[in-house]
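Asks: Starting off with a structure, shown below.
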Amino acid sequence: MSDIYYSCVVLLKYWVAEKCMNLRWLIMNNKCLLTWIKLCVVVDGCMDNLVSSSALVARSSVSLSVRRRSTAAALAQTATPETQENRKPKTGILMLNMGGPEKLEDVHDFLLRLFMDTDLMKLPVQNKLGPFIAKRRTPKIQEQYSKIGGGSPIKHWTSLQGEGMVKLLDEMSPETAPHKFYIGFRYVQPLTENAIEEMEKDGVERAVAFTQYPQYSCSTTGSSLNAIYRYYSNRGERPKMSWSVIDRWPTHPLLVECFADHISNELQKFPEDKRDDVVILFSAHSLPMAVVNRGDPYPQEVGATVQRVMERLGHCNPYRLVWQSRVGPMAWLGPQTDEVIKGLCERGKKNLLLVPIAFTSDHIETLHELDIEYGQVLGEECGVENIRRAESLNGNPLFMKTLADLVHSHLKSNVPCSRQLTLRCPLCTNPTCGETKAFFANQTLS
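Per this note's numbering, the sequence shown starts with residue 1, numbered consecutively.
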């Protein structure tokens, strides 16, 4: 199960509280708060049983043709990307992402920051419930990370991708060189605010906030951009750097080519007599329909990526866009990845290729949720013949060229942000979003 899967268990708790009691009373009445906490424990217990059952099956011997994740995870944890040169950068590229705990002891702080992020979720008495839920969830999340090498490889891959990107940028755009990349995670070190401090200390003149989510969502890219705005707003300071933002890139030609190449390579590993029958399942993280119905553009941008990739592949195989990591009783964007796997197998479609279409590097959602929960455990339960996962973009040199081309084109355009970023969701409930959009749209670039 993914980081967000576990974090979103809080939505189920919120629903229970909303159905059982008035939330204003909950906040003001200590006895009622105690009842709330007991409900949380009950729900957590149900989730623990589900996780334990899944983990137990995962330990059994599974002989499926799923690409194994342990070697890649171990390499990512031990390899060290080349260190950037010690020089004063003219242009700084801040690579934005949620991040993931590198070590098991980092899991608690990761969860604590996640549950305290009001851009991601709003809770009653959040300063009390956030720490409580984070503490309860830590052991189970640590158990999941222990199964993929003891931590997330996302920082390693981001560093490797950043190194390749800035090397190419120095050649492609000497007028904006030297370039230096910085990593800004939301929930683990290096945090976004720490990266901004480092950029200002380095004397960066031109700063690019570069989301590593190809498809925009208010809960991912939006949250990271809000963090940049709040950094300056909370200090009452004006930026020392000129900021601009690459806020989405779902149909960039080189990104499409990367995905298409990885899919083609994985298709070749299926038995030749089964290859044409393989169903390609593009899997992206789901969103609650309440978020979608506010006008979040994420679903259509993910769909645009899928359409371009299949056009590039010449519509070689049947395919579907599916959504993973739903939790709780409320409506989520569907169909769900696990339910589609079951349904296809029931209908005789037992050769499947999973493609993580909204992620650009391996982390818990690919290495555990897709590879173990779906590829191994669920695949065996459903009687699949062959189930594989396309390699994540990770250290692909073409992907590094994709990143460099995006930044190069952005710098040449000399515009602070896309026209799309200036438009708030029609039913947006977060006033900070409007302030953040104005912050970037009003930047003066030389």
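Every residue gets a Cβ at the ideal spot worked out from N, C-alpha and C, and that includes glycine. The structure displayed is predicted, hence computed values, not measured ones.
Bridge partners of Leu354, per DSSP?
Replies: Answer is Leu281, Arg389, bridged to Leu354.
Asks: Is the beta carbon of Ile279 less than 8 Å from the beta carbon of Tyr319?
Replies: Before going further, note that residue 279 is Val rather than Ile in the sequence given. Yes, Cβ-Cβ distance for Val279 and Tyr319 is below 8 Å.
Asks: Since Tyr374 and Asp338 are thought to touch, with beta carbons under 8 Å apart, how far apart are those beta carbons, to the nearest angstrom?
Replies: Tyr374 to Asp338, Cβ: 6 Å. Contact.
Asks: Reducing DSSP to helix, strand and coil, say where Gly92 ends up.
Replies: Of the three classes helix, strand and coil, the one that applies to Gly92 here is strand, per DSSP.
Asks: Please classify Ala390 as buried or exposed, where buried requires at least 16 neighbouring CB atoms within 10 angstroms.
Replies: Looking at its Cβ environment, which holds 16 or more other Cβ atoms inside 10 Å, Ala390 is buried.
Asks: Would you mind stating whether Thr221 and Leu96 have Cβ atoms separated by less than 8 Å?
Replies: Contact flag set, yes.
Asks: Using beta-carbon positions only, say whether His363 and Ile141 come within less than 8 Å of one another.
Replies: No, they are not a contact pair.
Asks: Helix, strand or coil: how does DSSP classify Trp157 here?
Replies: Three-state result, Trp157: helix.
Asks: Suppose only complete runs of 3+ residues qualify. What are the beta strand (DSSP E) ranges in the region 130-195, listed by chain order?
Replies: Runs of the beta strand (DSSP E) inside the region 130-195: 179-185.
Asks: Which residue from Leu398, Met98, Ser242, Thr91 puts its Cα closest to that of Pro174?
Replies: Cα-wise, what sits closest to Pro174 is Thr91.
Asks: Alpha helix (DSSP H) containing Thr221: first to last residue?
Replies: Element bounds for Thr221: 221-235.
Asks: With H, G and I counted as helix, E and B as strand and the rest as coil, what does DSSP make of Thr251?
Replies: In this structure, Thr251 counts as coil in the three-state DSSP scheme.
Asks: Can you list, in chain order, the residues of its chain with a C-beta nearer than 6 Å to that of Ala227? Leave out the 5 residues immediately preceding and following it.
Replies: The residues are Thr192.
Asks: Taking Leu169 and Val407 to be in contact with their CB atoms under 8 Å, please state how far apart those CB atoms are, rounded to whole angstroms.
Replies: 6 Å between Cβ atoms; contact.
Asks: When the Cα atoms are used, what is the spatial distance from Asn394 to Ser361?
Replies: Straight-line Cα distance between these residues: approximately 5 Å.
Asks: Return the Cβ separation of Tyr216 and Pro297 in integer angstroms, given the expectation that the two are a contact with Cβ distance under 8 Å.
Replies: Yes, Tyr216 and Pro297 are in contact; Cβ-Cβ is about 6 Å, under 8 Å.
Asks: Let's test the definition: count the other Cβ atoms within 10 Å of the Cβ of Asp106 and tell me whether it reaches 16, buried, or not, exposed.
Replies: Counting Cβ neighbours within 10 Å, Asp106 comes out buried, since at least 16 surround it.
Asks: Check Thr118 in the structure and name its three-state DSSP category.
Replies: If DSSP states are grouped into helix, strand and coil, Thr118 belongs with coil.
Asks: Is the CB-CB distance between Val188 and Phe110 below 8 Å?
Replies: Their beta carbons are under 8 Å apart, which means Val188 touches Phe110 by this criterion.
Asks: Would you kindly report the start and end of the unbroken beta strand (DSSP E) that includes Arg312?
Replies: Note, Arg312: premise wrong, no beta strand (DSSP E); alpha helix (DSSP H) at 298-312.
Asks: Quick one: Cα of Ser286 to Cα of Ser413, how far?
Replies: Ser286 and Ser413: Cα-Cα distance of roughly 33 Å.
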